[in-house]
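Participant: Input: one structure, supplied below.
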Amino acid sequence: MKAILFSYSTKGLSKNDASKISKKLMGYNDKSNKGRYNYQREGLIQSNKGLIISKSTFIIPEKKESILNKIKIKGLKINKWKINLPKSYFLH
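Our numbering applies: residue 473 is where the sequence shown begins, and numbers increase by one.
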């Protein structure tokens with residue numbers, strides 16, 4: 473299956489902007505009622521059947537490349553490479 477490997481750098485961005493990008497892409501844990509309830513909020517990567525490799529590296533199917541249009545922030549540096557992976561990597 474054709475996929476795209478993405479790597480991004482938040483160098484030069486404020487910590488607030490870097491955190492927003494990370495939460496939007498990777499998701500986050502949400503706690504409510506003084507930690508009594510925990511919820512895992514999905515990011516764009518999980519909701520589009522992607523794989524998180526590290527804090528700033530992920531793989532998504534080539535068909536889902538348009539999700540990056542949702543994180544346009546001035547100063548964000550994104551690198552991408554086209555790769556081929558077995559389809560079984562994307563079955564969640």
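The C-beta atom is built at its ideal place from N, Cα and C for all residues, glycine as well.
Put Leu-557 into one of helix, strand or coil per three-state DSSP.
Facilitator: coil
Participant: Determine the contact status of Leu-477 and Ile-543, defining contact as a CB-CB distance below 8 Å.
Facilitator: no
Participant: Provide the residue(s) that pair with Phe-530 in DSSP beta bridges, ordered along the chain.
Facilitator: Phe-478 and Ile-524
Participant: Compute the beta-carbon to beta-carbon distance between Tyr-480 and Ser-528, rounded to the nearest angstrom, for a pair I have assumed lies under 8 Å.
Facilitator: 5 Å between Cβ atoms; contact.
Participant: With a threshold of 7 Å on Cβ separation, who are the neighbours of Arg-508 within its own chain once the five nearest residues in sequence on each side are excluded?
Facilitator: none
Participant: At what residues does the beta strand (DSSP E) containing Ser-519 begin and finish?
Facilitator: Where Ser-519 is concerned, there is no enclosing beta strand (DSSP E), although the alpha helix (DSSP H) it sits in stretches over 516 to 519.
Participant: Can you have a look at Ile-517 and say buried or exposed, based on whether 16 or more other CB atoms are within 10 angstroms of its CB?
Facilitator: Buried, by the Cβ-count rule.
Participant: Ordered along the chain, which non-local residues of its own chain (more than five positions away) have a Cβ less than 6 Å from that of Lys-503?
Facilitator: Asn-510
Participant: Classify Asn-510 as helix, strand or coil using the three-state DSSP reduction.
Facilitator: strand
Participant: Which of the three DSSP states is assigned to Ser-504 in this structure?
Facilitator: strand
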